[in-house]
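Below is one structure; the comments refer to it alone.
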Amino acid sequence: WYRWNHWCLWALSAHKNISIVCTMMILESHWRILKHDFLLKFNRPRLDVLCHIIINRMLSRLIHRYSLLITERIQPSWKKDFKAEWKKLVGRELKNSN
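Here the working numbering is used: the first residue of the sequence shown is 9, the next is one more, and so on.
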């Protein structure tokens, strides 16, 4: 899949507006979460075990978190930092660069 024609078959980055770097970061983050949160006990899990874990454990957790975000029962992890930065900068005057 490292060849370009194979890459375009499945990658998000096949679209010219999405960079390859961004696509790989999303993919690497997904596998990191899968390995560290769900596959700690398994050295080389069989494919059926891996599919079972993804479908029954990982997706259920993601769906639950998504529903909490949609109903605003939890806030996104970046919101607290964003709000603090916003409050810090709200009192500053803008300097005209012209």
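We put the beta carbon where it would ideally sit given N, CA and C, even for glycine.
Note that this is a predicted model, so its numbers are computed, not measured.
Item: If we call anything under 9 Å between Cβ atoms a contact, is Leu42 one with Ile62?; Value: yes
Item: Quick one: measure Cβ to Cβ for Arg73 and Phe46, integer angstroms, because I've assumed they're closer than 8 Å.; Value: That belief does not hold up - the Cβ atoms of Arg73 and Phe46 are roughly 14 Å apart, past 8 Å.
Item: Can you give the Cα-Cα distance for Arg81 and Ser75, rounded to whole angstroms?; Value: 9 Å
Item: Please report how far the alpha carbon of Ser85 lies from the alpha carbon of Lys91, in whole angstroms.; Value: 11 Å
Item: Any chance you could list the alpha helix (DSSP H) runs of at least 4 consecutive residues sitting entirely within the region 43-81, in chain order?; Value: 55-60, 67-78
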